[in-house]
Amino acid sequence: MKSPIQAPGKAHACSIVKKLGTVGAKLQGGKRITMDTESSRLRDERLRKLNELKEAGVNPYPYSFKRSHTAAQLKELYKDLPPETETQDVVSVCGRVLNERNTWMFADVHDESGKIQIFNHKESLPEADLKRLRLLDKGDFIGATGTIRRTKAGELSVRVKSYEVLCKSLLPLPLNWEGFTDVEARYRHRYVDLIINAEVRETLKKRSLAIRSMREFLDGRGFYEVETPVLQVEAGGADARPFITHHNTLDIDLFMRIATELHLKRLIIGGFEKVYEIGRIFRNEGMSTKHNPEFTMLELYQAYGDYNELMDFAEEMLQHVAKAVCGTTKITYQGVEIDFASPWRRVTMRDAILEVTGIDTDTIKTMDEARALASKLGIELEFAETPGEVFNLIFEEKVEATLMQPTFLIDYPVEISPLTKKHRDKPGLVERFELFIFGREHANGYSELTDPLDQRARLEDQARKKEAGNDEAQPLDLDFIQAVEYGMPPTMGIGVGIDRLCMLLTDSPSIRDVIAFPTMKPLHKAEQGEGDEGVDKKKSEKVKAK
RNA sequence: GCGCCCGUAGCUCAGUGGUAGAGCACUCGGCUUUUAACCGAUUGGUCGUGCGUUCGAAUCGCACCGGGCGCACCA
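Each step along the first sequence adds one to the number in the working numbering, with nothing skipped, and position 177 is 184.
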């Protein structure tokens, strides 16, 4: 995997465009496609070749090609063919040419499965076709038909008898020995990144596989996959700041969802017993190697289960996914071996804090004591009002990063869990767990709160906190409370961060590596205007007023 | 939001006050059953943008744009 690399930035092209007014295009610093003399020269060269192809009667953008084998299929089929062996087996391959040697005598054709070398020699290719190879460039697509051989050096090759241009590319790819490493350029022009860096494609394929295997697991257990609204009047179900958008016809502000929880529970109330949604959610918060403003979350709810059963369920599901993606439950993430094999440790928040800090939170009863403890530990308490909230902060500050192997942290303070059923035995706590792996939160699950009176009281308390200035406190969703009043069966529910799971399974250091098109700052922030900012501010104030 | 670092040719980078550089890519020529093929020649740059300091700025200062990392927030 590519590690993050210092990015030289380049950002001055706009004025160039105006000055030169050329038609050339430039992948400047890989960061933007725009125009200047040098890239125009490289592009013009390809345009010249394009025209020569056309003049020779070649359609450089044909409609189809009949392939007989992929590169990987050929390598498997002929894996026992010894070096310096020719066959008379005729095959057709196609793909993008990324490397060429000896003036097109050898070229590497890349398809989705891998690459296969083609061999263009005057003994097997008509002279005109041989000459026409000079009109190709790295980056072009080609379809080639010929016989299979293995070279002296052991490279399986196709001795080309005929070939077709399948696409003439106009822009040069950043192909060089050092690779395409500029981080910004890679994320902005992900299609180029995908062409050049094969492991990017592998990572995204693994992501696809992870989600597929998750669906298989859930569908196999009788779950229904459902869809719930992205645009919401109240963004509830999690502690996070939402994005705001506007509906013109209704002339109202709407929020992008920050969780799917409240709607999925409405479905449980409506009679579904097993539902899940794998959906994009949006949180208007910081960006980092572990946070993207939009990310994908699995949330599932199953009636008649509690958080104990849910932990077994989550363990099994994630083992299934790990096996599907990595073929094993033992993976290595950033040099650390992580074992998904059962059983996963289950430790209460109190015991975890006790182990690491030597402090028994059970002995702390008053907020004054909690405050003194926090200040001793150097922990800032912005919105904390109760000891439970302080304990959670202590956990996050001192313990979280130490939980490397899959660990369920259980039994959270009730104050920070407004949608969770109270613990059956332990006053002040709820039946909730969070799953930590490599010091990061990966899932959050609980015995769902089904007591409507308790639910109303908890959300009213959240609304009060919101009023007091904590804009991550949850809003009072009266329709949801009404739904719960109609009656909700005992239910277990969990949310799993898909992106972070994929980071683990693909050994990716940044969340951006597992997202095909991660959120990027626009290139010309100024062009968006300060007016937008003004609107945002106004809207933020509105949110607070709610 | 704060701090540190970065932005020079299509790509990867050198150049810290005195004529804008290298390798690869591109183009041309040679050679060739190669593996980053090789050899030779050529081409290619408002040194991120603007303003300043200076006889002189890629180099020093300020502002801005863009980015990376860390912290904060969060999952």
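All C-beta atoms, glycine included, are put in the ideal place defined by N, C-alpha and C.
query: Can you give the Cα-Cα distance for residue 164 and residue 153, rounded to whole angstroms?
result: Counted from its first residue, the first sequence places residue 164 at position 157. Counted from its first residue, the first sequence places residue 153 at position 146. One C-alpha to the other measures close to 9 Å.
field: Extent of the continuous beta strand (DSSP E) to which residue 449 belongs
entry: As a position in the first sequence, residue 449 is number 442, starting the count at 1. Its beta strand (DSSP E) spans residues 447-454.
Separation of residue 292 from residue 420, as counted between CA atoms: Locating residue 420 in the first sequence gives position 413, where the first residue counts as 1. Locating residue 292 in the first sequence gives position 285, where the first residue counts as 1. Each residue's alpha carbon lies about 24 Å from the other.
- request: Starting from residue 327, trace the alpha helix (DSSP H) both ways and give me its first and last residue.
  value: Indexing the first sequence from 1 puts residue 327 at position 320. That run of the alpha helix (DSSP H) goes 314-333.
query: In angstroms, rounded to a whole number, what distance separates the CA positions of residue 241 and residue 269?
result: The residue you call residue 241 lines up with position 234 of the first sequence. The residue you call residue 269 lines up with position 262 of the first sequence. So the alpha carbons of these two residues sit roughly 10 Å apart.
query: To the nearest angstrom, how far is it from the Cα of residue 190 to the Cα of residue 207?
result: Your numbering for residue 190 matches position 183 in the first sequence. Your numbering for residue 207 matches position 200 in the first sequence. If you take the alpha carbons of residue 190 and residue 207, they lie about 13 Å apart.
The ligand ADP heavy atom lying under 7 Å from the CB of residue 419: What this structure holds is no ligand at all, so the ligand ADP is not there to describe.
message: Buried or exposed, going by whether 16 or more other CB atoms sit within 10 Å of the CB of residue 253?
response: The count along the first sequence starts at 1 and reaches residue 253 at position 246. When all chains shown are included, residue 253 counts as exposed.
message: Could you check whether residue 275 and residue 310 sit closer than 8 Å to each other, using their CB atoms as the reference points?
response: Here residue 310 refers to the residue found at position 303 of the first sequence. Here residue 275 refers to the residue found at position 268 of the first sequence. A contact, by the Cβ cut-off of 8 Å.
task: Return the bridge partner residues of residue 562 from the DSSP annotation.
output: A question about residue 562 goes unanswered here, because the residues of the chain that appear run from 8 up to 553.
- prompt: Cα-Cα, which of 439, 321, 395 is closest to residue 376?
  reply: For the purposes of this step, residue 376 is taken as residue 369 along the first sequence, with counting starting at 1. Minimum Cα distance to residue 376 is reached at 395.
- request: Measure the alpha-carbon distance for residue 217 versus residue 227 and round it to whole angstroms.
  value: Locating residue 217 in the first sequence gives position 210, where the first residue counts as 1. Locating residue 227 in the first sequence gives position 220, where the first residue counts as 1. Roughly 15 Å between the two C-alpha positions.
message: What does DSSP give as the partner residue(s) for residue 310 in the beta ladder?
response: As a working note, residue 310 is residue 303 in the first sequence. In DSSP, residue 310 forms a bridge with 498.
query: If we call anything under 8 Å between Cβ atoms a contact, is residue 481 one with residue 469?
result: Taking the first sequence and counting its residues from 1, one reaches residue 481 at position 474. Taking the first sequence and counting its residues from 1, one reaches residue 469 at position 462. Cβ distance < 8 Å, so residue 481 and residue 469 count as in contact.
- prompt: Do the stretch 108-119 and the stretch 134-151 meet, that is, are 3 or more Cβ pairs less than 8 Å apart?
  reply: yes
field: Local Cβ density within 10 Å of residue 532, reported as buried at 16 or more and exposed below that
entry: By one-based count along the first sequence, residue 532 stands at place 525. Note that residue 532 has pLDDT 46, beneath the 50 cutoff, so the model's placement of it is unreliable and the number below is only indicative. Burial call: exposed.
- request: Report the rounded CA-to-CA distance for residue 414 versus residue 214, giving the unit in angstroms.
  value: Your numbering for residue 414 matches position 407 in the first sequence. Your numbering for residue 214 matches position 207 in the first sequence. Their backbone Cα atoms lie some 23 Å apart in a straight line.
message: What does the Cβ neighbour count give for residue 94, buried or exposed, with the cut at 16 atoms within 10 Å?
response: Taking the first residue of the first sequence as position 1, residue 94 is located at position 87. Answer is exposed; the Cβ neighbour count stays below 16.
task: With DSSP collapsed to three states, give me the class of residue 150.
output: For the purposes of this step, residue 150 is taken as residue 143 along the first sequence, with counting starting at 1. Of the three classes helix, strand and coil, the one that applies to residue 150 here is strand, per DSSP.
message: Short of 6 Å in beta carbon distance, which residues of its chain neighbour residue 132, apart from the five on each side in sequence? Order them along the chain.
response: Your numbering for residue 132 matches position 125 in the first sequence. Only 167 meet the Cβ criterion.
- prompt: How far does the alpha helix (DSSP H) with residue 198 in it reach, from first residue to last?
  reply: Along the first sequence, one-based indexing puts residue 198 at 191. Residues 197-203.
task: Note down the Cα distance separating residue 360 from residue 296, rounded to an integer number of angstroms.
output: Looking up residue 360 in the first sequence gives position 353. Looking up residue 296 in the first sequence gives position 289. Roughly 26 Å between the two C-alpha positions.
query: Is the Cβ-Cβ distance between residue 363 and residue 397 less than 8 Å?
result: Translated into positions along the first sequence, residue 363 becomes position 356. Translated into positions along the first sequence, residue 397 becomes position 390. Cβ distance not < 8 Å, so residue 363 and residue 397 don't count as in contact.
task: Go ahead and pull the three-state DSSP assignment for residue 431.
output: Indexing the first sequence from 1 puts residue 431 at position 424. Here residue 431 sits in coil by DSSP.
8 Å Cβ cutoff met for residue 230 and residue 272: For this step, residue 230 is matched to residue 223 along the first sequence. For this step, residue 272 is matched to residue 265 along the first sequence. No. Outside cutoff.
task: With residue 348 as the anchor, note down where its beta strand (DSSP E) starts and where it stops.
output: Working through the first sequence from its first residue, we reach residue 348 at position 341. Here residue 348 belongs to no beta strand (DSSP E), and DSSP marks it neither H nor E.
field: First and last residue of the uninterrupted beta strand (DSSP E) at residue 106
entry: For this step, residue 106 is matched to residue 99 along the first sequence. According to the DSSP assignment, residue 106 belongs to the beta strand (DSSP E) that extends over 92-108.
Where residue 118 falls: helix, strand or coil (DSSP): Taking the first residue of the first sequence as 1, we reach residue 118 at position 111. Strand.
task: Pick out whichever of 85, 307, 352, 435 has its Cα sitting closest to the Cα of residue 451.
output: The count along the first sequence starts at 1 and reaches residue 451 at position 444. If we check each option's Cα against that of residue 451, 307 comes out closest.
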